[in-house]
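Going by full-length UniProt numbering, the sequence shown opens with residue 1, and the numbers climb by one from there.
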Amino acid sequence: MKYLNLLLLLPFLGLLWMPLYDRHDPVLLGFPFFYWYQFAWVPVTSALIWIVWKKGRDA
Numbered sequence: 001m002k003y004l005n006l007l008l009l010l011p012f013l014g015l016l017w018m019p020l021y022d023r024h025d026p027v028l029l030g031f032p033f034f035y036w037y038q039f040a041w042v043p044v045t046s047a048l049i050w051i052v053w054k055k056g057r058d059a
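Written out as structure tokens, the structure is:
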């Protein structure tokens with residue numbers, strides 16, 4: 001169970017390290033990378049929370 005909780009660190013680390021996404025290109029549907037990278041983490045984080053919740057409840 002503890003190892004499963006480590007999945008919740010992925011969004012934190014992915015958004016904490018700003019040089020990873022502090023740029024303009026590539027552009028997606030007119031949005032700079034800076035914006036769509038952060039927005040892409042919203043459903044990813046929701047899915048990770050759901051996975052940890054479901055697997056943790058079954059354990």
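For glycine and all other residues, C-beta sits at the position ideal for the given N, C-alpha and C.
Being a predicted model, the structure only gives us computed values, none of them experimental.
If you ignore the 5 residues before and after residue 22, its C-beta comes within less than 8 Å of the C-beta of 34, all in its own chain and listed in chain order. In this structure, residue 44 sits away from residue 4, with a CB-CB distance that is not shorter than 9 Å. In the DSSP assignment, residue 31 forms a beta bridge with 28.
If the five residues before and after residue 24 are omitted, its C-beta is found closer than 6 Å to the C-beta atoms of 32, all from its own chain and listed in chain order.
In the three-state scheme derived from DSSP, where H, G and I count as helix and E and B as strand, residue 17 is classed as coil.
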